[in-house]
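The numbering used here numbers the first residue of the sequence shown as 1272 and each following residue consecutively.
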Amino acid sequence: MANQILCKNCKTWNSTEAETCSSCGYELHSERIQREEVSLQRAETQKGWDVPVIKIKPSHPWYVRPFLYVARAVQIAALAIGGALAWSAFWASA
């Protein structure tokens, strides 16, 4: 019975390779397929974190770019400090 699956509809044992029940035709692997679809949807929606940092475009005038570089450096430093504080608060509460 190690290579068999129980039909949830009619309680008949079927081979694990079978897609549908041999007695009633119920889809045997429907829950697994639904779990795989949900995990695929989650993977598509959670592709990663997009941190909005200041973009420096070539179209910016030359006299504006140094200020944007400094602003972006300050922004990244603030994100790093905030991340460190959040990390330490998380581990302090654990």
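By construction, the Cβ of each residue, glycine as well, lies at the ideal position given by its N, Cα and C atoms.
Query raised in the report: W1284 lies in the beta strand (DSSP E); which residues open and close that run?
Result: Within the sequence shown, numbered from 1, the residue matching residue 1284 stands at position 13. W1284 to S1286 is the span of the beta strand (DSSP E), which, as asked, contains W1284.
Query raised in the report: Going straight from the alpha carbon of S1330 to that of V1322, what length do you get?
Result: Translated into positions along the sequence shown, residue 1330 becomes position 59. Translated into positions along the sequence shown, residue 1322 becomes position 51. C-alpha separation (whole angstroms): 22 Å.
Query raised in the report: If you draw a straight line from the alpha carbon of R1313 to that of W1333, how long is it in whole angstroms?
Result: Within the sequence shown, the letter at position 42 stands for residue 1313. Within the sequence shown, the letter at position 62 stands for residue 1333. So the two alpha carbons sit approximately 43 Å from each other.
Query raised in the report: Do you know offhand how far L1350's Cα is from E1308's?
Result: Walking along the sequence shown from the start, residue 1350 turns up at place 79. Walking along the sequence shown from the start, residue 1308 turns up at place 37. Between L1350 and E1308, the C-alpha separation is close to 34 Å.
Query raised in the report: Count the other CB atoms within 10 Å of the CB of C1281; is the residue buried (16 or more) or exposed (fewer)?
Result: Counted from its first residue, the sequence shown places residue 1281 at position 10. Under this definition C1281 is an exposed residue.
Query raised in the report: Helix or strand or just coil, what does DSSP make of E1307?
Result: Position 36 of the sequence shown holds residue 1307. DSSP places E1307 in helix when its eight states are reduced to three.
Requested in this report: List the residues that DSSP assigns as beta-bridge partners of E1298.
Outcome: Mapped onto the sequence shown, residue 1298 falls at position 27. DSSP, once it has assigned bridges, lists T1291 as partnering E1298.
Query raised in the report: Taking buried to mean at least 16 other C-beta atoms within 10 Å of its own C-beta, is L1356 buried or exposed?
Result: Numbered from its first residue, the sequence shown carries residue 1356 at position 85. Exposed: under 16 other Cβ atoms inside 10 Å.
Query raised in the report: Going by the CB atoms, is the gap between L1299 and A1289 shorter than 8 Å?
Result: Within the sequence shown, numbered from 1, the residue matching residue 1289 stands at position 18. Within the sequence shown, numbered from 1, the residue matching residue 1299 stands at position 28. Yes; because the gap between Cβ atoms is below 8 Å, this pair is in contact.
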